[in-house]
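Participant: For the sequence shown, full-length UniProt numbering gives the first residue as 1, with consecutive numbering after it.
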Amino acid sequence: MEKTKVKFIKLNENAVVPTYGTQYSAGADLYASEECEIGAGKTVMVHTALAMEIPEGFGGFVFARSGLATKRGLAPANKVGVIDSDYRGEIMVSLYNQSGETQVVAKGERIAQLVIIPYITAKFIESDALSETVRGEGGFGSTGRK
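1. Would you report the Cα separation of Gly27 and Gly60, rounded to the nearest angstrom?
2. Compare the Cα-Cα distances from Ile38 to each of Gly21, Ala122, Leu74 and Tyr119 and report the closest residue.
3. Please report the residue range of the beta strand (DSSP E) in which Ser94 lies.
4. Taking all protein chains shown into account, decide if Arg88 is buried (16 or more other Cβ within 10 angstroms of its Cβ) or exposed.
5. Kindly confirm or deny that the stretch 121 to 141 and the stretch 95 to 110 touch, where touching means at least three C-beta pairs closer than 8 Å.
6. Please state the DSSP three-state secondary structure of Lys7.
7. With DSSP as the reference, identify every bridge partner of Arg110, one or two as the case may be.
8. Does DSSP put Leu130 in a helix, in a strand, or in coil?
9. Is it a yes or a no for the stretch 13 to 20 touching the stretch 76 to 86, going by three-plus beta-carbon pairs under 8 Å?
10. Could you check how far apart the C-beta atoms of Phe58 and Ser85 are, in whole angstroms? I think they sit under 8 Å.
11. Can you tell me which of the three DSSP states Thr70 falls into?
12. Identify the continuous beta strand (DSSP E) that holds Ile38 and give its terminal residues.
13. How about Val46 and Ala64: do their beta carbons lie closer than 8 Å?
14. On the criterion of 16 or more Cβ atoms from any shown chain inside 10 Å, does Ile125 qualify as buried, or is it exposed?
15. Between the C-alpha atoms of Phe8 and Gly41, what's the straight-line distance to the nearest angstrom?
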């Protein structure tokens, strides 16, 4: 399978190139470029010291690392970060500490996963009516009700 090429630059000597845990990992690990402390219930922008050129037609989606979230309560504050292909600034992860105690993120620690995904841009068309479906306007758990 051909891999999509993503150019990057290191903004300082602390930057770590994203890595995949296994050959079948969807997400590449992003690393903290400096140590930071995140108080209980607080959010901190964690630096990676990387800037990227994500190809047109693709987006970078930043997800929590499952171990960091479940064992230490650290996950992206916005749940999923979106990096657009025209963004050229530093990749940073807004980590929220949902645990009851201060957490220290070490320099070089894996802080999130970056998944590069192709997307389709929609053309939104105003209409007077929408097609009918069995589901209709049911949402927010409605399909699980009997």
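Positions of the beta carbon are idealized from the N, C-alpha and C atoms, including for glycine.
Please read these numbers as outputs of a predicted model, since none were measured by experiment.
Facilitator: Looking at the coordinates:
1. Your numbering for residue 27 matches position 27 in the sequence shown. Your numbering for residue 60 matches position 60 in the sequence shown. Those two C-alpha atoms are separated by around 10 Å.
2. Taking the first residue of the sequence shown as 1, we reach residue 38 at position 38. Checking every option, the nearest Cα to that of Ile38 belongs to Leu74.
3. As a first step, residue 94 must be located in the sequence shown, where it is residue number 94. Here the beta strand (DSSP E) through Ser94 covers Glu90 to Asn97.
4. Residue 88 sits at position 88 when you count from the first residue of the sequence shown. Counting Cβ neighbours within 10 Å, Arg88 comes out exposed, since fewer than 16 surround it.
5. As far as the Cβ criterion goes, the stretch 121 to 141 does not touch the stretch 95 to 110, which means the pair count is below three.
6. By 1-based counting over the sequence shown, the position of residue 7 is 7. The answer is strand: DSSP assigns Lys7 an E or B state.
7. Counted from its first residue, the sequence shown places residue 110 at position 110. When DSSP reads this structure, Arg110 sits in a beta bridge with Tyr31.
8. Indexing the sequence shown from 1 puts residue 130 at position 130. Coil.
9. The stretch 13 to 20 is not in contact with the stretch 76 to 86.
10. Residue mapping note: residue 58 aligns to position 58 of the sequence shown, counting from 1. Residue mapping note: residue 85 aligns to position 85 of the sequence shown, counting from 1. The pair is a contact, with the Cβ atoms about 6 Å apart (cut-off 8 Å).
11. Against the sequence shown, residue 70 aligns to sequence position 70. In the three-state reduction of the DSSP assignment, Thr70 falls in the helix class.
12. Residue numbering aside, residue 38 sits at position 38 when the sequence shown is read from its first letter. Cys36 to Ile38 is the extent of the beta strand (DSSP E) around Ile38.
13. Taking the first residue of the sequence shown as position 1, residue 46 is located at position 46. Taking the first residue of the sequence shown as position 1, residue 64 is located at position 64. For Val46 and Ala64, no; Cβs fall outside 8 Å.
14. As a first step, residue 125 must be located in the sequence shown, where it is residue number 125. So Ile125 counts as exposed.
15. Taking the sequence shown and counting its residues from 1, one reaches residue 8 at position 8. Taking the sequence shown and counting its residues from 1, one reaches residue 41 at position 41. Going by the C-alpha atoms only, they are around 32 Å apart.
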